[in-house]
Amino acid sequence: MHHSGTNALLSAPSALSAFVPAPRPAPEAGSGGGILDLLPASAGAAAEQCVYVTLHLAGRAVLRRPHAELPVVPGDLVISGGRYPANLLRGADCASRMYRVPCRVLGISAAEVRAAGTLLAPGSTGIGAMASQFLAALGEHSDRLAPLARIRLARSSADLLALLITDLLDQDDPGRAGGSAELLARIRAHIEQNLGDPELSPESVAGALCISVRYLHRLFQQDGTTVGQWIRHRRLEACRRDLDRPANRRVPVAVVAGRWGFISASHFSRVFREVYGLTPSQWQGRADTRPA
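Count along the sequence shown from 1, add 5, and you get the number used in the numbering used here.
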């Protein structure tokens, strides 16, 4: 564990005497820069609609949690729902850089983070390490990056942070899994309401729910499928029901397919047969055997 080197410091009775709460005028004091906006916030967005991520660069810092005092070492990420985490204590030699991230790109509200308390993500392993490296590169080279390159790096960082914060919140409160289930239910309801839109896609769904595409994919992976597979499944089921109705026995198959978002009739026929073992026309013909 990369935090073990500070155990002796924390075990001393006066261990916290050298630390002070993060100063309000400049929480990133010593880093040589102000708060960096990872991605632009929506017009009129308030500070409460952002999450703040502090990349620890150097010096001593401690995150005080209800039942523990966690040392913060270079590379670690401190995540809070406000700009001034009161339980982050810093030494005079501390240097860090703070990033402001709009909640809309995370799919996580600042209120959720505040309710869980300030979060600490080790920067040496897993997703925390990747997010730390991306943020460090963004902070060091942002001014020298081409605009498109900076946006791509920022979006990749935001996707990693969405995964990281979700994991941290789930670890902090295992019961929060119900929150993911509620979001997944909202996503499925949105898909159901827009099946007939040929433009329905993972990107359009993520945009409508104000979450990242990567986080959207992760939610469906936990359920054993993909967004695209779920959309196709629901469209096929809707088409099957329509074709099964005797009242629709004379409706062209292409019309039914188009009604539920399939642009190509040949593609629809192929995937329908793969799933149900009959062509759409054969399935529709079964309706002729029943009274209207």
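By construction, the Cβ of each residue, glycine as well, lies at the ideal position given by its N, Cα and C atoms.
Small disclaimer: the values here were computed from a predicted structure and weren't measured.
Under the three-state reduction of DSSP, residue 61 is assigned to strand. Of the candidates 116, 158 and 123, the residue whose Cα lies closest to the Cα of residue 136 is 158. Around residue 62, the same chain offers 36, 79, 100, 101 and 102 as residues with beta carbons nearer than 7 Å, after the five sequence neighbours per side are excluded. If you draw a 10 Å sphere on the C-beta of residue 148, you find fewer than 16 other C-beta atoms in it, and that means exposed.
When secondary structure is reduced to three states using DSSP, residue 95 falls in the strand class. For residue 256, there is no enclosing alpha helix (DSSP H), as DSSP marks it with neither H nor E.
Within its own chain, the residues whose Cβ lies closer than 6 Å to the Cβ of residue 199, once the five positions on either side in sequence are excluded, are 205, listed in chain order.
Taking all protein chains shown into account, residue 227 has fewer than 16 neighbouring C-beta atoms within 10 Å of its C-beta and is therefore exposed. As computed with DSSP, residue 104 is found in a beta bridge with 41 and 58. If you keep only unbroken beta strand (DSSP E) runs of at least 3 residues inside the stretch 115-177, you get 124-126. Here residue 222 is not near residue 210, since their CB atoms are 8 Å or more apart. About 22 Å separates the beta carbon of residue 258 from that of residue 234, a gap too long to meet the 8 Å contact definition. Look at residue 76 here: in three-state DSSP terms it is strand.
Annotation for residue 77: 61, 66, 67, 68, 83 and 125 place their beta carbon closer than 7 Å to its own, counting only its chain and skipping 5 residues before and after. Its Cα nearest to that of residue 130, the residue 81 stands out among 111, 81, 110 and 115.
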